[in-house]
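J.: Listed in order, the protein sequences are those of chains A and B.
Position in the first sequence (first residue = 1) + 746 = this note's numbering.
Position in the second sequence (first residue = 1) + 1 = this note's numbering.
From the three backbone atoms N, C-alpha and C, an ideal C-beta is built for every residue, glycine too.
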Amino acid sequence: MLRSCLVISLIALSLSVGMAQECVSNYNSAKCIEIDVIDHGIQNPENYEFYWDFNDGQKGKGGKVEHCYEEPGDYTVKLTLVNKVTGAFYPEEMQLSVNVMPELRISLEIPTQAMEGESFETSFFIEGESPAIKSIEWMIDGQSAPGSTTSLMQIDTPGVHTIRLKVITKNGMNLCKEGTVEILEKAGFKYATRFLKDGIHDVGGLLFSGNSAHNGGDTVLLQSVFFMPNDMSLTAEASAILKANIEVLRQLKALNILLGSYTHTSGFYYVNREVALKRSKLIKEYMIEHGINAERIKIADPEVYGSLVNTCIYSKDCDYSDASLNLRTDFKLIEEGMFHWVQKE
Amino acid sequence: MNKLTIAIVSLAAFFLIRPVAAQKIPSKFEHVEALVTFGPEASPLWGDDDHVQVFFFIVPTFFTKPVYIRVFDPETVGLDDEASGEWDTKTRFSVFGGLATYTEPDARKIDPVGNFKSGQLLATREFYNEEQYDQSWYSFGPFNPLEGEEVPELGGNVFKVIIEGTSGNDGNLYHFFLSTDSKTNMAVEGSNAFTYEYSFRLPLSAKVITHLYPFADSKVESITQYNFDLDLEGEILLYTVAKNRHKAAGSVNTKWAQSNHQLVAEEKNTTLDLQIVKTRDSRNDMVMYVVNQYGEALPFFSVPVGGPPKYKYKVNVTYKKTGTSY
């Protein structure tokens, strides 16, 4: 048996209907309606009978009726009033427009865990005959979040967070689904991604944040390139990563990048800064040689980007792992025209 | 602003913004079999209280072409008329225009008394048992719309037709059509017609519902409906945007009946619907009028102003389990 659900709307100007539309995750058994005439204004109601035409070949009688539809579709329910004494009948006293929808079920896809400050993707799908969608609303802990059929989210606070999705269809169905994501703390380098940390931007439906972008259902990532200590050349591994990043940039034609090379926290700062800038320029030249337009590549200056160091701001707090992280270059996606401090070249 | 203007200013708004196409009078909305005027010697048993009918026709201001007031079956003989012995009845149709045609207070009363023939007589003709007019149209006119009385509150120029039974005892049943053509019925867009006392024949068949459409302006607090000679052949119901077929008093043979009905704010500036539901097949002529709390007659419009009223039902529609909460 086909299981269906109903959405009722009114087309009769003469009608006032009280009806609550609950937000549900699946419509599975609402093929039945109850119509209750709560105010008919008739002086001698005992003289009158209410007859309903449910527009599916079935009729009903009475001031309060129930009816179940077998098939999805649009139905116009009509009320005819009949005076039992005089025999007079009044067709189309009022009309209701009934839309019987097929069964629907909404599912939410979110990761069970994600790292603090790192973006992750959420999406949903509707089982059954997908209805035309009027609006999609994503929320994180009750706060609005950007996104449409998918959402690229980033949460900075460790703990369990609630992701809520509300989809309103053009025929008035409210579909809601909730889930949780556990945000894990990044132990050891709390400020590790200050350079990449950014809000979520939207360029013509392309969502991006930091070094990741969501493009047409896929999430792409620009990976960091690591250098060896006291070395200004690209390792084979670094070259491979760069080539992968170049391929990503070819896909993301609407976006530019900002290169951020980190600095050591020990030694002479200006020497470290020069080393960082040289590494960025080296990468820029490599990318230009491999076909990326120079205009698309900006270089961040560590002098103004205080974020280009890790947790171990003071060398005494830095272990080997932290120090390694300061030997890297990050690739931050930016939109043309976004305000960024860049190295004057 | 004078008293009359205040009384009908809201009515004017309907005409100014909502042109309607008036055709046959009585209109298709009313389900009235025909207008009726009996000769003066007819008994009240036939259902005509005073043997006079007055109808007003509104030609909208924007309409400037000549108009004709056409009468169907104006004579009293043959089909569609009510014989009482020999066909000996004469009926006079008179068309009035110009100043005071409508604004003269006597013209808007329910009884043909005082100066109800106000205005300038534009055309008149007495019909008797002339068979050439049986089941045929007769056209008065052409009339320049400006020959009517200009009534801005009604959004047009008003003509008045007085139908008098001048001799005999038969019943004359007839229809009108306000036309742009003398030989055919061509509607005048945006026109309407109204009367303050309606003398008419009910539909022949039982269960056919007659609708009369008085308009209640903003000052109407209550109405009293009067009806003559319904013969208790059915019931009269008041139907409005706020009243769903409230019972009104119906009359017995040759008698008047009346009932009073309070109106609520929602019903002001709306058309009311007096529904007459017959319970048996018969030929029955009757008279009806409605007055407000001051005793002033309300106009019955041939085309209901603002459309027929529609009662607003309140209905709860609930889902029997719509789904699983998320």
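Short of 8 Å in beta carbon distance, which residues of its chain neighbour K989/A, apart from the five on each side in sequence? Order them along the chain.
T.: Only H1036 meet the Cβ criterion.
J.: How big is the Cα-Cα spacing for L1001/A and S890/A?
T.: Near 25 Å, if we compare the C-alpha coordinates of S890/A and L1001/A.
J.: Mind listing which residues of the region 199-211 of chain B have their C-beta closer than 9 Å to chain A's C-betas, in chain order?
T.: Taking 9 Å as the Cβ-Cβ cut-off against chain A, the residues of the region 199-211 of chain B that qualify are A207, K208, V209 and I210.
J.: Chain A beta carbons: is any one of them nearer than 9 Å to that of A217/B?
T.: Judged by the 9 Å Cβ criterion, A217/B is not in contact with chain A.
J.: In chain order, what are the residue ranges of uninterrupted beta strand (DSSP E) at least 3 long that sit wholly in the region 17-61 of chain B?
T.: List check, beta strand (DSSP E) in window: 35-39 and 53-61.
J.: For a contact defined as C-beta to C-beta under 9 Å, what are the partners of H1036/A on chain C?
T.: No chain C appears in this structure, whose protein chains are A and B.
J.: Please determine, among P975/A, L921/A and I901/A, the residue with the shortest C-alpha to C-alpha distance to H1010/A.
T.: Ranking the options by Cα distance to H1010/A, first place goes to P975/A.
J.: Taking Cβ-Cβ distances shorter than 7 Å, what residues in chain B pair up with D782/A?
T.: Under the 7 Å cutoff, chain B gives V316 and N317.
J.: To test your reading of the DSSP string, which unbroken beta strand (DSSP E) runs of 3 or more residues are found completely within the region 227-301 of chain B?
T.: Within the region 227-301 of chain B, the complete beta strand (DSSP E) runs of at least 3 residues are 235-240, 247-249, 257-263, 274-279 and 286-293.
J.: Could you please tell me which residues of the region 247-267 of chain B, in chain order, have their CB closer than 7 Å to any CB of chain A?
T.: Residues H247 and K248.
J.: Short of 7 Å in beta carbon distance, which residues of its chain neighbour F406/B, apart from the five on each side in sequence? Order them along the chain.
T.: Outside the displayed range of chain B (2 to 327) lies residue 406/B, so it cannot be described from this structure.
J.: What residue from Y797/A, G809/A, Y815/A and Q841/A has the CA that sits closest to V828/A's CA?
T.: Selected option, being the one with the closest Cα: Y797/A.
J.: For T802/A, which of helix, strand or coil comes out of DSSP?
T.: The sequence as given places Asp at residue 802/A; Thr does not occur at that position. In the structure shown, D802/A sits in coil (DSSP, three-state: anything other than H, G, I, E or B).
J.: Checking 9 Å against the spacing of the C-beta atoms, do T38/B and D49/B come in under that value?
T.: It is a contact, given that the beta carbons lie within the stated cut-off.
J.: If we count the other Cβ atoms within 10 Å of its Cβ and call it buried at 16 or more, is Y314/B buried or exposed?
T.: By the neighbour-count rule (16 or more Cβ atoms within 10 Å), Y314/B is buried.
J.: Mind reading off the beta-carbon distance from D74/B to Y175/B? Whole number of angstroms is fine, and I expect it under 8 Å.
T.: Confirmed, Cβ separation roughly 5 Å.
J.: Could you check if N228/B is buried or exposed, using at least 16 other CB atoms within 10 Å of its CB as the buried criterion?
T.: It counts as buried.
J.: Would you call the region 197-216 of chain B in contact with the region 33-47 of chain B, where contact means no fewer than 3 C-beta pairs closer than 8 Å?
T.: Contact holds: three or more Cβ-Cβ distances are below 8 Å.
J.: Going by the DSSP bridge assignment, what does N158/B pair with across the sheet?
T.: According to DSSP, N158/B bridges with V60/B and E151/B.
J.: How long is the line joining the alpha carbons of A1022/A and S869/A, rounded to whole angstroms?
T.: For A1022/A and S869/A, the distance between alpha carbons rounds to 38 Å.
J.: When the cut-off is 9 Å and only beta carbons count, does V72/B lie next to chain A?
T.: So, not an interface residue.
J.: Taking Cβ to Cβ, would you say E839/A is nearer than 9 Å to T826/A?
T.: Yes, the Cβ-Cβ distance between E839/A and T826/A is below 9 Å.
J.: By the three-class DSSP mapping on this structure, what secondary structure does K916/A have?
T.: Three-state DSSP puts K916/A in coil, outside helix and strand.
J.: For V242/B and D802/A, what's the separation of their Cα atoms in angstroms?
T.: Roughly 30 Å between the two C-alpha positions.
J.: Check the Cβ of N790/A against every Cβ in chain B and list those closer than 7 Å, keeping chain order.
T.: Simply K248.
J.: Quick one, which of W884/A, L1073/A, E873/A and T858/A has its alpha-carbon nearest P904/A's?
T.: Considering only alpha carbons, the answer is T858/A.
J.: If we count the other Cβ atoms within 10 Å of its Cβ and call it buried at 16 or more, is K1078/A buried or exposed?
T.: When all chains shown are included, K1078/A counts as buried.
J.: What number of angstroms, rounded off, separates the C-alpha of K248/B from the C-alpha of S260/B?
T.: Going from the Cα of K248/B to the Cα of S260/B covers about 9 Å.
J.: Under 8 Å Cβ-Cβ, which residues of chain B neighbour M840/A?
T.: Within chain B, the residues near M840/A are Y314 and V316.
J.: For G925/A versus I909/A, is the C-beta spacing smaller than 9 Å?
T.: Yes, these two residues count as a Cβ contact at 9 Å.
J.: Please report how far the alpha carbon of K208/B lies from the alpha carbon of V770/A, in whole angstroms.
T.: If you take the alpha carbons of K208/B and V770/A, they lie about 48 Å apart.
J.: Compare the C-beta of K29/B with all C-beta atoms of chain A and state if any pair is closer than 9 Å.
T.: No, its Cβ sits nowhere closer than 9 Å to a Cβ of chain A.
J.: Tell whether a beta-carbon distance below 9 Å holds between F178/B and R93/B.
T.: Not closer than 9 Å, so no.
J.: Return the chain-ordered list of same chain residues with a C-beta closer than 8 Å to the C-beta of D944/A, the five sequence neighbours on each side being excluded.
T.: Contacts found: S955, G956 and K1078.
J.: Between the alpha carbons of K110/B and V60/B, how many angstroms are there, rounded?
T.: Whole-angstrom Cα-Cα distance: 21 Å.
J.: Using alpha carbons as the reference points, say which of Y1016/A, V994/A, R1074/A and E873/A lies closest to R1042/A.
T.: Considering only alpha carbons, the answer is V994/A.
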